[in-house]
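Asker:
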Amino acid sequence: MSTAGFIAAVQRADGAIPWEPGRHADPWNHGEAAMGLAAAGHHEEARAAYDWLARTQNADGSWYAGYRDGMVTDTARDLNFTAYLAVGVRHFGLSTGDTRAAGRWWRAVEGALDFVTGHQRDGGEFPWRLGDDGKALLAGNCSIAHALANGLALADELGHAKPGWRRARERVLDAITGRPEAFEPKPHAMDWYYPVLCGARARLAPRWDEFVVPGLGVRCEHTQPWVTGGETAELALVLATRGDRNRARELLRTLDRLRHDDGSYWTGYQFENDDLWPLERTTWTAGAVLLAWAAVDGDPATTAVFGELSRGAG
Numbered sequence: 001m002s003t004a005g006f007i008a009a010v011q012r013a014d015g016a017i018p019w020e021p022g023r024h025a026d027p028w029n030h031g032e033a034a035m036g037l038a039a040a041g042h043h044e045e046a047r048a049a050y051d052w053l054a055r056t057q058n059a060d061g062s063w064y065a066g067y068r069d070g071m072v073t074d075t076a077r078d079l080n081f082t083a084y085l086a087v088g089v090r091h092f093g094l095s096t097g098d099t100r101a102a103g104r105w106w107r108a109v110e111g112a113l114d115f116v117t118g119h120q121r122d123g124g125e126f127p128w129r130l131g132d133d134g135k136a137l138l139a140g141n142c143s144i145a146h147a148l149a150n151g152l153a154l155a156d157e158l159g160h161a162k163p164g165w166r167r168a169r170e171r172v173l174d175a176i177t178g179r180p181e182a183f184e185p186k187p188h189a190m191d192w193y194y195p196v197l198c199g200a201r202a203r204l205a206p207r208w209d210e211f212v213v214p215g216l217g218v219r220c221e222h223t224q225p226w227v228t229g230g231e232t233a234e235l236a237l238v239l240a241t242r243g244d245r246n247r248a249r250e251l252l253r254t255l256d257r258l259r260h261d262d263g264s265y266w267t268g269y270q271f272e273n274d275d276l277w278p279l280e281r282t283t284w285t286a287g288a289v290l291l292a293w294a295a296v297d298g299d300p301a302t303t304a305v306f307g308e309l310s311r312g313a314g
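FYI, the working numbering numbers position 157 of the sequence shown as 157, with every residue one higher than the one before it.
Next up, the structure:
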């Protein structure tokens with residue numbers, strides 16, 4: 001089975017893409033898997049995935065953090081999860097050439113980004129999720145800035161002015177580049193490479209050896225002997241969409257040890273113990289791998305959506 005075939009086989013009849021069979025779905029990882037499907041040419045399955053998001057969206061524009069078998073399993077509302085639809089919808093339209101895609105899901109995108117921007121703090125940063133201890137996470141804020149750029153591109157395509165989104169993006173970019181103290185310190189690779197989505201390419205070189213293990217991939221946390229498929233694929237995606245396809249290809253080749261016969265990928269490898277861990281093969285890891293390979297192969301849609309987005313994008 002192919003990697004896209006694995007995702008399609010896990011997808012439920014209602015369009016939801018859970019982490020694995022019998023597990024929950026969340027809006028962000030569902031969207032990552034859906035983009036992988038679109039990049040691999042499984043357009044009907046990807047369309048069903050975005051239709052599911054549109055149907056399950058809350059009246060205020062948000063989504064809950066977990067769904068299983070048609071029921072809500074986690075009522076937290078994560079702002080980054082909610083924003084990510086804009087990225088997926090733009091990717092779908094560019095991947096398929098479907099000029100109606102932006103309009104089909106515009107109300108959902110607009111509701112989502114209006115909800116998210118309504119919770120921006122005075123300093124420009126966004127909290128991780130509503131109702132928790134108020135943490136702002138760097139990777140999540142970079143992802144929101146990226147989603148706003150793609151939402152603005154969709155708005156331009158449809159002729160809608162969204163000056164509030166533009167101001168929100170400028171403010172979060174200012175926080176990301178100028179106020180590092182606004183974000184919770186974390187040891188994760190995502191906090192190292194996600195700012196590159198916002199133009200901070202110079203961040204990669206100084207800490208490359210902390211996170212990248214030659215021949216094995218990318219550590220999830222720089223202090224742990226554990227490389228993960230998702231982080232390795234995401235770094236490869238960032239590199240490839242910025243022209244560094246050789247290093248991206250080298251990283252993706254390290255994932256062969258994580259690949260299962262059914263096209264899926266184990267989450268990670270603990271290299272001190274020589275163990276696959278945890279013993280799960282998620283659809284979002286598979287989606288990230290498909291997106292990264294699409295970028296390495298020069299896929300125009302993936303390159304446009306994840307590539308260089310100027311500060312005035314949109």
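Beta carbons: idealized from backbone N, C-alpha and C, even for Gly.
(1) Based on Cα-Cα distance, which residue from Trp-52, Arg-77, Gly-164 lies nearest to Gly-70?
(2) DSSP beta-bridge partners for Val-10?
(3) State the Cα-Cα distance for the pair Glu-181 and Trp-226, rounded to the nearest angstrom.
(4) Which of the three DSSP states, helix, strand or coil, is assigned to Arg-315?
(5) Is it buried or exposed, Lys-135, if we count other Cβ atoms within 10 angstroms and call 16 or more buried?
(6) Determine, using beta carbons only, whether Trp-19 and Thr-232 come nearer to each other than 9 Å.
(7) Out of Arg-259, Gln-57, Gly-243, Tyr-84, state which residue places its alpha-carbon closest to the alpha-carbon of Val-72.
(8) With distances taken Cα to Cα, identify the nearest neighbour of Leu-113 among Tyr-64, Ala-168, Ala-65, Leu-130.
(9) Roughly how many angstroms lie between the CA atoms of Glu-234 and Gly-307, to the nearest whole one?
(10) Do Thr-3 and Gly-36 have their C-beta atoms closer together than 9 Å?
(11) Please state the DSSP three-state secondary structure of Glu-221.
(12) Count the other CB atoms within 10 Å of the CB of Ala-202; is the residue buried (16 or more) or exposed (fewer)?
(13) Less than 8 Å between C-beta atoms, sequence neighbours within five positions excluded: which residues of the same chain meet that for Gly-119?
(14) With the cut-off set at 9 Å, would you say Gly-243 and Trp-266 are in Cβ contact?
(15) Measuring only the C-alpha atoms, how far is Val-296 from Asp-262?
(16) Ala-59: buried (16+ other C-beta within 10 angstroms of its C-beta) or exposed?
Answerer: So, from the data block:
(1) In the sequence shown, the residue the question calls residue 70 occupies position 70. Restricting attention to Trp-52, Arg-77, Gly-164, the CA atom closest to the CA of Gly-70 is found in Trp-52.
(2) In the sequence shown, residue 10 corresponds to position 10, counting from 1. Beta-bridge pairing by DSSP links Val-10 to no other residue.
(3) Here residue 181 refers to the residue found at position 181 when the sequence shown is read from its first residue. Here residue 226 refers to the residue found at position 226 when the sequence shown is read from its first residue. The alpha-carbon of Glu-181 is positioned some 27 Å away from that of Trp-226.
(4) Any question about residue 315 goes unanswered here, given that the chain covers just 1 to 314.
(5) As a working note, residue 135 is residue 135 in the sequence shown. Burial check for Lys-135: the Cβ neighbour count within 10 Å stays below 16, so the residue is exposed.
(6) Residue 19 sits at position 19 when you count from the first residue of the sequence shown. Residue 232 sits at position 232 when you count from the first residue of the sequence shown. The Cβ atoms of Trp-19 and Thr-232 lie no closer than 9 Å to each other.
(7) Position 72 of the sequence shown, counting from 1, holds the residue named residue 72. Of the candidates Arg-259, Gln-57, Gly-243, Tyr-84, the one whose C-alpha sits nearest the C-alpha of Val-72 is Gln-57.
(8) Residue numbering aside, residue 113 sits at position 113 when the sequence shown is read from its first letter. Taking only the C-alpha atoms, the option nearest Leu-113 is Ala-168.
(9) Reading the sequence shown from its first residue, position 234 is the one you call residue 234. Reading the sequence shown from its first residue, position 307 is the one you call residue 307. Each residue's alpha carbon lies about 12 Å from the other.
(10) Within the sequence shown, the letter at position 3 stands for residue 3. Within the sequence shown, the letter at position 36 stands for residue 36. Yes, Cβ-Cβ distance for Thr-3 and Gly-36 is below 9 Å.
(11) Reading the sequence shown from its first residue, position 221 is the one you call residue 221. The answer is strand: DSSP assigns Glu-221 an E or B state.
(12) What you label residue 202 is simply residue 202 of the sequence shown in a count that begins at 1. Exposed.
(13) One-based indexing of the sequence shown puts residue 119 at position 119. The amino acid occupying residue 119 in the given sequence is His; Gly does not appear at that position. Cβ neighbours of His-119 within its own chain (closer than 8 Å, five residues either side excluded): Leu-79, Phe-126, Pro-127, Leu-130.
(14) For the purposes of this step, residue 243 is identified with residue 243 of the sequence shown, where counting begins at 1. For the purposes of this step, residue 266 is identified with residue 266 of the sequence shown, where counting begins at 1. No, these two residues do not count as a Cβ contact at 9 Å.
(15) Taking the first residue of the sequence shown as position 1, residue 296 is located at position 296. Taking the first residue of the sequence shown as position 1, residue 262 is located at position 262. In this model, Val-296 and Asp-262 are separated by some 22 Å (Cα to Cα).
(16) Walking along the sequence shown from the start, residue 59 turns up at place 59. Label assigned to Ala-59: exposed.
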